[in-house]
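Going by UniProt numbering, 21 is the number at position 21 of the sequence shown; the sequence numbering is gapless. C-beta atoms are modelled at their ideal positions from N, C-alpha and C, and glycine is treated no differently. The structure appears right after this line, and notes come after that.
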Amino acid sequence: MATTSIPLLIFFSVLILSPFTLSSAKSASSSFIPSDSFLSTLRSTVEEIQTIVSIVSGFSDALGGGLRMSSAVSDCLDLLDLSSDELSWSLNSSQATTTSISKSGTGNRRSDLSSWLSAALSNQDTCKEGLDDTDSMLGSLISTGLETITLLVADSLSMVADASGSNGRKGGRKLVEGFPTWIKSKERKLLQAAPQGIVADAVVAQDGTGNYKTVMNT
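In structure tokens form, the structure reads like this:
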């Protein structure tokens, strides 16, 4: 059973808000100036990844293992290499001059950093899950190191997000509770309401238990 009002409400709210979100992000993107702390965190993360890669590689060479273990180790190393690449791109972009930013990304430094760091955030968990499935001790051995990498990446990503929030408030159209000022209070409350707090005007159900059997009939 589904309702017509809630999906349509969500659809139109996305259409209304997306231009403002895109406009705000675009205006703040090129103004991001990486701090020394941000650069230091990226470097520390890359070094931590290199340490874990050495441990995983050494463990694999020493103990060998079956096809399942070899596959998990190979996948883990690939994921860690990917994280290392994404962090290296972030570091290179952060240290690049304005005219050379596009050589290591799209030219939108803030957007590139957010994309690379977000992608690197989950690689370590995927690596750990694969190793845990082999019932070997390797997953436990590098667990703390993987968590450290994830925390450092999350810290770097939060620095980009915090800078975006502070810069984004300086310009662009004013928002009220996250919505354009021309959206009335009643409409804002409706968009912010939890699904269970919204009473459906019509119910669509193919089994005939609703007001209509198809959306087209409404």
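Counted within 10 angstroms of its Cβ, other Cβ atoms place residue i as buried (16 or more) or exposed
| i | result |
| --- | --- |
| T209 | exposed |
| Q124 | buried |
| G66 | exposed |
| E147 | exposed |
| D78 | exposed |
| T45 | buried |
| D36 | exposed |
| D162 | exposed |
| E86 | buried |
| S90 | buried |
| S94 | buried |
Per-residue DSSP class, three states only, for residue i
| i | result |
| --- | --- |
| N92 | helix |
| T106 | coil |
| D155 | helix |
| F20 | Low local confidence applies: a pLDDT of 46 at F20 is under 50, so the model's placement there is unreliable, and no value is given. |
| D81 | helix |
| D135 | coil |
Check whether residue i and residue j have beta carbons under 8 Å apart
| i | j | result |
| --- | --- | --- |
| I149 | E47 | no |
| V160 | L117 | yes |
| R110 | F32 | yes |
| G141 | A72 | The question names Gly, yet the displayed sequence has Leu at residue 141. Contact flag unset, no. |
| F59 | L151 | no |
| L80 | S156 | no |
| I68 | T126 | Residue identity check: residue 68 is Arg in the sequence provided, not Ile. Cβ distance not < 8 Å, so R68 and T126 don't count as in contact. |
Any non-hydrogen atom of the ligand HEM within 7 Å of residue i CB
| i | result |
| --- | --- |
| A119 | Inclusion of the ligand HEM in the displayed structure is not the case, the ligand content being empty and no account of it being possible. |
Limits of the alpha helix (DSSP H) - the one that residue i falls within
| i | result |
| --- | --- |
| D125 | N123 to D132 |
| S35 | Premise fails: S35 is in no alpha helix (DSSP H) and is neither H nor E. |
| G139 | L138 to L141 |
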